[in-house]
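Have a look at the structure below before the remarks.
There are 2 protein chains.
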Amino acid sequence: AILEAIVARLDGERILAGRHVVVTSGPTHEPIDPVRYIANRSSGRQGHAIAAALARRGARVTLVSGPVALADPAGVAVVRVETALEMRAAVLAALPADAAVFCAAVADWRVEAQGRKIKKTGAPPALALVENPDILAEVSRLEGRRPRLVVGFAAETGDLVAQATAKRARKGCDWIVANDVGAGTGIMGGAENEVVLITEAGAEPWPRAGKDAVADRLAERISGIFQ
Amino acid sequence: AILEAIVARLDGERILAGRHVVVTSGPTHEPIDPVRYIANRSSGRQGHAIAAALARRGARVTLVSGPVALADPAGVAVVRVETALEMRAAVLAALPADAAVFCAAVADWRVEAQGRKIKKTGAPPALALVENPDILAEVSRLEGRRPRLVVGFAAETGDLVAQATAKRARKGCDWIVANDVGAGTGIMGGAENEVVLITEAGAEPWPRAGKDAVADRLAERISGIFQ
Numbered sequence: 103a104i105l106e107a108i109v110a111r112l113d114g115e116r117i118l119a120g121r122h123v124v125v126t127s128g129p130t131h132e133p134i135d136p137v138r139y140i141a142n143r144s145s146g147r148q149g150h151a152i153a154a155a156l157a158r159r160g161a162r163v164t165l166v167s168g169p170v171a172l173a174d175p176a177g178v179a180v181v182r183v184e185t186a187l188e189m190r191a192a193v194l195a196a197l198p199a200d201a202a203v204f205c206a207a208v209a210d211w212r213v214e215a216q217g218r219k220i221k222k223t224g225a226p227p228a229l230a231l232v233e234n235p236d237i238l239a240e241v242s243r244l245e246g247r248r249p250r251l252v253v254g255f256a257a258e259t260g261d262l263v264a265q266a267t268a269k270r271a272r273k274g275c276d277w278i279v280a281n282d283v284g285a286g287t288g289i290m291g292g293a294e295n296e297v298v299l300i301t302e303a304g305a306e307p308w309p310r311a312g313k314d315a316v317a318d319r320l321a322e323r324i325s326g327i328f329q
Numbered sequence: 103a104i105l106e107a108i109v110a111r112l113d114g115e116r117i118l119a120g121r122h123v124v125v126t127s128g129p130t131h132e133p134i135d136p137v138r139y140i141a142n143r144s145s146g147r148q149g150h151a152i153a154a155a156l157a158r159r160g161a162r163v164t165l166v167s168g169p170v171a172l173a174d175p176a177g178v179a180v181v182r183v184e185t186a187l188e189m190r191a192a193v194l195a196a197l198p199a200d201a202a203v204f205c206a207a208v209a210d211w212r213v214e215a216q217g218r219k220i221k222k223t224g225a226p227p228a229l230a231l232v233e234n235p236d237i238l239a240e241v242s243r244l245e246g247r248r249p250r251l252v253v254g255f256a257a258e259t260g261d262l263v264a265q266a267t268a269k270r271a272r273k274g275c276d277w278i279v280a281n282d283v284g285a286g287t288g289i290m291g292g293a294e295n296e297v298v299l300i301t302e303a304g305a306e307p308w309p310r311a312g313k314d315a316v317a318d319r320l321a322e323r324i325s326g327i328f329q
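Order-wise, the sequence lines are chains A and B.
Straight run, no breaks: the first sequence in my numbering ends on number 329.
Straight run, no breaks: the second sequence in my numbering ends on number 329.
Here is the structure:
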């Protein structure tokens, strides 16, 4: 942490000084009953690295993180949450912000939570799912309090660019960072990432790199907006 | 680890020397699709502590662990798995054993895994669940290879002793270590545990104690069987 602080000071221009950026990271856990839950795979490594990279550039960063086994990044205010509903509340409470980067793998659905443990008797239960709020879409369309730059993430299998481009339009965000999470890519939980940045201008494939390097490049691009 | 090794040497009689014990710990993760899964809440702290306590008493311990954020206990052979099917295979491969302690929170059900990510279009999907193998019941009824002592765990909400006593009979195991995981007990993920040991002789409530202390007491009781 001391070394990181020194590196931050040496980073030259702290180009995001005075800016507030909200970053989400990690999965959400949606309870099924007191002992079971539905989760998304997400180590939080990419989101935490982005929060750290933005803080190194001088931004005040609020990191809203689901359950992860990672240390809090240096110089970042961390709000720990478990469910999508808690994440939404924490994000809205953190606004206003100049930019928001939604890297968390938020569960699309939740289960109406039960107070008692479901017993294993007879047939498996049918899990009735209800849709979670769409934090990215909601913040992208906020009247008045919309951050100037809203960045979403898209983890896809299949036609990455087409799906992510459609997602950008559907959500109303400015950029989508898209990656292929198909089996065999080794990206989920791994140290590297290979993304395509989708902006108004089109699709820009970035070379495969460490998650820290991807975070730095994204923070650099975000800095460009506020220069 | 060095300190633990010294403590182990000082433990006096290594009463389980020459014995092989299989311990399971942690949750299992059952994939829904490439990015989502169903999980049980389990930090693995109790199971890992039991493995360590048995190893300190001289046992050769095979610890079959689901995904946890814990270091491998000193002097224990760890097999890491993700799903219930993988845990079953690892347990059966680890036999024969003198005793087996099934502390893992194995998912009762799994989802027929899908190769592609489920898209959030229209109504939430109905998750069709299929029953997982019951490792505790299977090992308790193994012909020929049944460990002399089979210990199961029961995490219950409601009438703890009645449910755990019924579980002991249903599974065919020797002991059940039962605990109340209702909201407010702070046991799930916490440092302490408050259990009732169910044996042929009946229910024996143990005082609330650290998970290490509960592990020591259980290892002591297991040692008594092999004295």
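Where is the CB? At the ideal position from N, CA and C, for every residue including glycine.
Worksheet item: Using DSSP with H/G/I as helix, E/B as strand and the rest coil, what is B/Ile152?
Response: Here B/Ile152 sits in helix by DSSP.
Fill in: Where the alpha helix (DSSP H) containing A/Leu187 begins and where it ends
Segment Ala186 to Ala196, the alpha helix (DSSP H) holding A/Leu187.
Fill in: Contact set between A/Leu156 and chain B, taken where Cβ atoms lie within less than 9 Å
Contacts between A/Leu156 and chain B, judged by CB atoms closer than 9 Å, are missing: the closest CB pair is about 25 Å apart.
Worksheet entry | Residues that DSSP places opposite B/Thr301 in a beta bridge | In the DSSP output, where bridge partners are listed per residue, B/Thr301 has B/Gly304.
Practice prompt. Starting from the Cα of B/Ala192, find the closest Cα among B/Ala271, B/Asp174 and B/Val166 and give me that residue.
Written response: The option with the nearest alpha carbon to B/Ala192 is B/Val166.
Worksheet item: B/Ala209 and B/Thr259 look like a contact to me (Cβ under 8 Å); what is the Cβ gap, rounded to whole Å?
Response: With a contact defined as Cβ atoms closer than 8 Å, B/Ala209 and B/Thr259 miss out at about 17 Å.
Worksheet entry | Cβ pair B/Leu118, B/Arg159 closer than 7 Å | Contact flag set, yes.
Discussion item. What would DSSP say about A/Leu118, mapped onto helix, strand or coil?
Written reply: In the structure shown, A/Leu118 falls within a coil segment according to DSSP collapsed to helix, strand and coil.
Worksheet item: So which residues of chain A does B/Leu229 contact, with C-beta pairs closer than 8 Å?
Response: Identification of chain A residues near B/Leu229 by a Cβ-Cβ cut-off of 8 Å yields Ala228, Leu229 and Leu231, ordered along the chain.
Discussion item. Does the structure place the segment 147-158 of chain A close enough to the segment 197-214 of chain A that three or more beta carbon pairs sit under 8 Å?
Written reply: Taking a contact to require three or more Cβ pairs closer than 8 Å, the segment 197-214 of chain A and the segment 147-158 of chain A qualify as touching.
Worksheet item: Can you name the residues of chain A whose CB is closer than 7 Å to the CB of B/Ile237?
Response: In chain order: nothing, as chain A lies at least about 13 Å away.
Practice prompt. Would you identify the three-state DSSP class for A/Leu244, choosing helix, strand or coil?
Written response: If DSSP states are grouped into helix, strand and coil, A/Leu244 belongs with coil.
Worksheet item: Residues in the segment 140-153 of chain A with C-beta within 9 Å of chain B's C-beta atoms, listed in sequence order?
Response: Residues of the segment 140-153 of chain A that bring their beta carbon within less than 9 Å of a beta carbon in chain B comprise Ile140, Ala141, Asn142, Arg143 and Ser144, in sequence order.
Worksheet entry | From B/Ala195, B/Trp211, B/Lys221 and B/Gly292, residue whose alpha carbon lies closest to that of B/Gly146 | The candidate whose alpha carbon is nearest that of B/Gly146 is B/Gly292.
Worksheet item: What residue from B/Ala228, B/Pro198, B/Thr287 and B/Glu214 has the CA that sits closest to B/Thr164's CA?
Response: For B/Thr164, the nearest C-alpha among the options comes from B/Pro198.
Fill in: Within 7 Å, strictly: CB atoms of A/Val283 and B/Val137
With respect to the 7 Å criterion, A/Val283 and B/Val137 are classified as neighbours on the basis of their beta carbons.
Discussion item. Just to confirm, is the Cβ distance from B/Leu251 to B/Lys273 under 7 Å?
Written reply: One thing to note: B/Leu251 has its Cβ no nearer than 7 Å to the Cβ of B/Lys273.
Fill in: Buried or exposed by the 16-neighbour rule on C-beta atoms within 10 Å, applied to A/Asp309
The displayed chain sequence assigns Pro, not Asp, to residue 309 of chain A. By the 10 Å Cβ count, A/Pro309 comes out exposed.
Discussion item. Would A/Arg212 and A/Val241 qualify as a contact pair, given that the criterion is a beta-carbon distance under 7 Å?
Written reply: With respect to the 7 Å criterion, A/Arg212 and A/Val241 are not classified as neighbours on the basis of their beta carbons.
Fill in: Per-residue contacts from A/Ala271 into chain B (C-beta, under 9 Å)
The premise fails here: A/Ala271 is roughly 15 Å from chain B at the closest Cβ pair, so nothing lies under 9 Å.
Practice prompt. Please report the Cβ distance between A/Ala161 and A/Arg121, rounded to the nearest whole angstrom; I am assuming they are in contact, meaning their Cβ atoms lie under 8 Å.
Written response: Distance from A/Ala161 to A/Arg121 at the Cβ level is roughly 5 Å; contact confirmed, criterion being Cβ atoms closer than 8 Å.
Worksheet item: Is the CB-CB distance between B/Ser144 and B/Ala186 below 7 Å?
Response: No Cβ-Cβ contact shorter than 7 Å links B/Ser144 with B/Ala186.
Worksheet item: With a Cβ-Cβ cutoff of 7 Å, do B/Val279 and B/Leu262 count as a contact?
Response: No, the Cβ-Cβ distance between B/Val279 and B/Leu262 is not below 7 Å.
Item to complete: Could you spell out the range, first to last residue, of the alpha helix (DSSP H) harbouring A/Ser325?
Response: Run containing A/Ser325: Lys313 to Ile327, per the alpha helix (DSSP H) assignment.
Discussion item. Could you pull the DSSP bridge partners for A/Thr126 from this structure?
Written reply: DSSP output for A/Thr126 lists A/Val166 and A/Phe204 as bridge partner(s).
Worksheet item: Is the Cβ-Cβ distance between B/Tyr139 and A/Ala195 less than 7 Å?
Response: Judged by beta-carbon spacing, A/Ala195 lies beyond the 7 Å limit of B/Tyr139, meaning their Cβ atoms are not closer than that value.
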